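**Q** Note that the UniProt record's numbering gives residue 346 to position 346 of the sequence shown, counting from 1, and the numbers run on in steps of one.
All C-beta atoms, glycine included, are put in the ideal place defined by N, C-alpha and C.
Only a predicted model underlies this, so the values are computations on that prediction, with no experimental measurement involved.
Okay, handing you the structure first.
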Amino acid sequence: MSNTPSRTSLRAPSPLKRLNRDLAPPGLSSPSPTGNRSPVLSQSRTLRRPMSMAALPNGRDRNSLSRTSMVNLQAPGTPQPSPPVYKGTIRVSVRTKPENETSAQWTVLGSANSISHSSTGDFSFDNVFDNMSTNGEVFRSAVCDLLDKVCDGFNATVFAYGMTGSGKTFSMQGTPEDPGIIPRSATLLFEKLRTKMATTTVKISYMEIYNERVADLLHPDTPEVSLRDDPLYGVREIGLTEHRVENAYELLGKVALGDQLRRTSSTQFNERSSRSHAVVKITLLTRDIQSVLYLCDLAGSERAVSELERRKEGAYINKSLLTLGTVISKLSSGTMGHVPYRDSKLTRILQPSLSGNALVSILCTVQTINSTTTETLNTLRFAARAKNIIVTAKRTNLVDDGAGNERLLNIIEEQKQQINKLKLELQEAKSSREDVEGRLDVYMSLTDYHLDDSLDSILNGPEMRTVEEYRRKAREDKREIQQLNDQIRRLISQVAEANNMLENMPHLNDLTPQMSTPGRQNSDVKDLQDEIRELKETIRDKDHIIKYLRGSSERRAQLDKITSPSRGRQSMALLQTP
């Protein structure tokens, strides 16, 4: 099931016309399209828009106007001067998702801004939107007037909270036919700044919190973003890039670029579920003020699943949402106990907002079906606790009777201290490196010294006396080898002569038949045969001599290696060669 609530309309106008129409004052907006309604929700829808109340701002009844609200309700585009300090409570709105089948146990009364269950009773909030409400209605009632405060120097935060598949991403981003809170905020923000753009700088950052790691969606190659305390901003995201934009089109282009890198996957309740918390940070900077608007699309809480990766993601998501719930509970109780902001990256980023230094609007999305009753009740209890948190927000004037300059001087002083600290750490690192390099040089010198001593002890030890004897024996072998070589040359010459004699033997027999008697001839032949046999034996001895010469040559080569200076360190190994 997709987390995008379905919408039906008679005719879909262009996105720009629809956006301009929805940003118009509530009394001038056209009626929302009709669709299938459950009996209960259809009745509540009729009660929410009586004709006698059509002219009231934001569609509220007269009783709701008497409640404490975050700002004076007014039509968009007509901002009033804001006091330097705002006191009130967090604005909490609840939106129900359109369903094919709605449980009869749920009752949604938009006119009374209440939602109830048969087993628990009523929950009342600043706004309750039924399943026929559009993103334009949600934006005008829950977010629109916060932008006046942002343009006037107040920080503000808007985030959607609810179980997976309940419509958070649809409410924050919407569709081309029904844009959500983020595109509507960008469009209206630049509309309000139209006359101030010459002196106003608008920057956007987009970050993702996935498995308790903060990543920059507009610069994915950047290492993990770290969070640091800041005396002026509360918490600063170190490593998060800021991109200057000149209009809403550029801002939404950056958001679309970041959405392509955001982690999503299919779950039991949502085919494309957000597996991370996404935070759009819009910074406005003028000569006098600086304000920040956070637009957060939180991942949804869900039940345990079997897949290992989904289970790991779900554990981190549920942990951060549980920490957020604990923080809300601590703040709403009014006690001065420890608030665990640092237990998760999400609450760390939201710390300045939740601690009362910013205007906050929370949109809780719920489903009114039987299978999600437990999750819906948990979301409503979270919303009820958040509604009790007191907000005391101040305009962030950069020049206010010297206070802004004092804050800037404090920041500069702290940055100088941080720089000095880093310089000391760098100097310590350099000293440690030099110490290690010095120790390494000493070690190498000692190693070379010990090697030289070992070589000297070898050369002056008893082993070298054996070497001298070996060299003397080698010289004697060399002389003997020379003598054997001379003898071999003589033997070779004799063999050649014997071969010539054998070749000429038949010819001599023909020339001297009459000169020799048969007995003498046989005697001469026998003598020659004996001489040939002796020569052959001599040749066999020559093979043994050659083999001996080869062995002597190898020993001489080993001796040369021993006496060579460049091979001195290998002397022991060579001495052990058989």
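Return the chain-ordered ranges of every alpha helix (DSSP H) run that is complete within the stretch 208-293 and spans a minimum of 4 residues.
**A** 248-261
**Q** Would you say residue 153 and residue 342 are within 9 Å of each other, going by their C-beta atoms?
**A** no
**Q** Could you say which of 361, 173, 217 lies nearest to residue 88 if we only look at CA atoms?
**A** 361
**Q** Roughly how many whole angstroms lie between the Cα atoms of residue 210 and residue 430?
**A** Each residue's alpha carbon lies about 36 Å from the other.
**Q** Starting from residue 88, trace the beta strand (DSSP E) both ways and give me its first and last residue.
**A** 85-89
**Q** Under DSSP, the beta strand (DSSP E) around residue 188 begins and ends at which residues?
**A** No beta strand (DSSP E) contains residue 188, which is instead part of the alpha helix (DSSP H) from 181-192.
**Q** Can you check whether the CB of residue 257 is closer than 9 Å to the CB of residue 218?
**A** yes
**Q** Residue 378 lies in the beta strand (DSSP E); which residues open and close that run?
**A** Premise fails: residue 378 lies in the alpha helix (DSSP H), 373-386, not in any beta strand (DSSP E).
**Q** Mark residue 586 as exposed unless 16 or more other C-beta atoms lie within 10 angstroms of its C-beta, in which case mark it buried.
**A** Only positions 1 to 578 of the chain appear in this structure, which leaves residue 586 out of reach.
**Q** So, for residue 235: in the same chain, excluding its five sequence neighbours on each side, which residues have a beta-carbon less than 8 Å away from its beta-carbon?
**A** 227, 228, 229, 348, 349, 351, 352
**Q** Could you check whether the stretch 380-391 touches the stretch 163-173, counting it as contact only if at least three pairs of C-beta atoms, one from each stretch, sit closer than 8 Å?
**A** no
**Q** Going by the beta-carbon positions, is the gap between residue 188 and residue 240 smaller than 9 Å?
**A** No, these two residues do not count as a Cβ contact at 9 Å.
**Q** Here's the rule I'm using: 16 or more other beta-carbon atoms within 10 Å means buried, otherwise exposed. How should residue 199 be labelled?
**A** exposed
**Q** Kindly give me the distance between the Cβ atoms of residue 280 and residue 206, rounded to whole angstroms, as I take these residues to be in contact under 8 Å.
**A** 6 Å
**Q** Please specify which runs of the beta strand (DSSP E), each continuous and at least 3 residues long, are wholly inside the stretch 107-186, giving them in chain order.
**A** 114-117, 121-124, 127-129, 156-161
**Q** What does DSSP give as the partner residue(s) for residue 433 in the beta ladder?
**A** Partner(s): none; residue 433 has no beta bridge.
**Q** Rounded to a whole number of angstroms, what is the C-alpha to C-alpha distance between residue 195 and residue 422?
**A** Straight-line spacing of the CA atoms in residue 195 and residue 422 works out to 44 Å.
**Q** Distance, Cα to Cα, residue 145 vs residue 427?
**A** 52 Å
**Q** Residue 419 by DSSP, collapsed to three states: which one?
**A** helix
**Q** Taking just the CA atoms, how far does residue 365 sit from residue 58?
**A** Because the pLDDT of residue 58 is 41, which lies under 50, any placement of that residue in the model is unreliable, and the question is left without a value.
**Q** With a threshold of 16 other CB atoms inside 10 Å of the CB of residue 126, please say whether the residue is buried or exposed.
**A** buried
**Q** Comparing C-alpha positions only, which one of 208, 244, 214 sits nearest to residue 260?
**A** 208
**Q** From residue 151 to residue 434, what distance separates their C-alpha atoms?
**A** 54 Å
**Q** Going by C-alpha to C-alpha distance, which of 287, 354, 101 sits closest to residue 331?
**A** 354
**Q** With which residues is residue 390 paired in a DSSP beta bridge?
**A** 89
**Q** In the DSSP assignment, find the alpha helix (DSSP H) that holds residue 349 and state where it starts and stops.
**A** 345-352
**Q** Checking contacts by CB at 9 Å: is residue 109 closer than that to chain B?
**A** You won't find chain B in this structure, because it holds only one protein chain.
**Q** Return the chain-ordered list of same chain residues with a C-beta closer than 8 Å to the C-beta of residue 119, the five sequence neighbours on each side being excluded.
**A** 105
**Q** What's the C-alpha gap between residue 417 and residue 324?
**A** 33 Å
**Q** With DSSP run on the structure shown, which of helix, strand or coil describes residue 366?
**A** strand
**Q** With DSSP collapsed to three states, give me the class of residue 500.
**A** It is helical.
**Q** Just list the residues that DSSP pairs residue 397 with in beta bridges.
**A** 289
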